[in-house]
Each structure stands twice: as structure tokens, then as C-alpha cells.
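Trainee:
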Amino acid sequence: MRYTASRRALVAALRVARQPLTIPQLVDAASTVPQSSVYRNLAIFAEAGVVHRMPGTDDFARYELAEGLMGHHHHLVCSNCGTVEDITLPDAVEQELERVLRRVATQRGFALTSHRLDVLGECTKCEERPA
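Just so we're aligned, residue 96 is where the sequence shown starts under this note's numbering, counting upward by one.
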């Protein structure tokens, strides 16, 4: 795959964001890249394993650089507005989580290769908004 200026701009926007972005957010962040190119390149990146597509709790999927490029992390996901925030767990917690997940997978005859954890709740903005 050629690493064009548009692709470099998209990767840079995803790297700087440090959280999964919707396509409209990516179009804003990589303003030199036409929206049609954002869609096309995200599909190419996803197929090549460069980005991970994360379904949202709202109408928008979000995209982030693959774990191999950004490091292992998890997400806080607002069930109300769909905002997603990256979180990294302390090493001891991550190791315990991996141990428990591996045990559960083994009990069910499943070979665990990795895991993702999305914590659902309400973000501060939604929690503070009047009902």
C-alpha cells in the first residue's frame, strides 16, 4: 500500500487524538483530506489491520489506530452521547484481567489471543445535564 499524503494525514490525526474518532471528527482533524478519501482510506486501513473500527452506542462508528501501533488499552464509552475515551489499566490489573479471561476461555474450549474491554456508563457532560 502506498503511504500517500492523505494517508499520512489520517494516521497523524488518529495518533494525535488518542481516542477513537468518528468520520466527521476525522474529516475535521485531517482537513486537507476530502471526505470521500477518508471513507476509502479507512476501508483500506481496516483491511490492512492499520485501524480498528469500533461500533458506537450512537449512530457513528469510531476508528482508532490498531493496538500494535497505539499500545494495549481499553475504553470508557458513554451510553448516552457515544463519546469514547481511551484508558490504560495498571499492569497488575491488566495481568489479573488477562489471567481471569484466559481461565474463562479455557473452560469453554476457547483459545484466547487478546482482549478488549469497553466500560459503559455516562460521561461527565451527560451526567451533569438536567434530566
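For every residue, glycine included, the Cβ atom is placed at its ideal position computed from N, Cα and C. Keep in mind the model is a prediction, meaning the values are calculated, not measured.
1) Closer than 6 Å by C-beta to G151: which residues in its own chain qualify, once you throw out the five before and the five after it? Chain order, please.
2) By DSSP's criteria, M165 is part of a beta bridge. Which residues make up the other side?
3) Look at the Cβ atom of H169, then the Cβ atom of L212, and state whether they are nearer than 9 Å.
4) Among the residues of its own chain, which have a CB less than 8 Å from the CB of G166, if the five just before and after it don't count?
5) Is it the case that the region 123-141 contacts the region 96-109, given that we only count it when at least three CB pairs across the two stretches are under 8 Å?
6) Helix, strand or coil for R90 per DSSP?
7) Would you mind working out which of G163, E180, R135 and V122 sits nearest G216, comparing C-alpha positions?
Mentor: Working from what's here:
1) Here residue 151 corresponds to residue number 56 of the sequence shown, with the count starting at 1. So the list reads R157 and G177, once near-sequence residues are dropped.
2) To locate residue 165, count along the sequence shown from 1; it is residue 70. M165 is not bridged to any residue.
3) To locate residue 169, count along the sequence shown from 1; it is residue 74. To locate residue 212, count along the sequence shown from 1; it is residue 117. Closer than 9 Å, so yes.
4) Counting from one through the sequence shown, the residue named residue 166 turns up at place 71. Here the set comprises T183.
5) yes
6) Because the chain spans 96 through 226 in this model, residue 90 falls outside it and cannot be assessed.
7) Here the question's residue 216 lines up with position 121 in the sequence shown. Ranking the options by Cα distance to G216, first place goes to E180.
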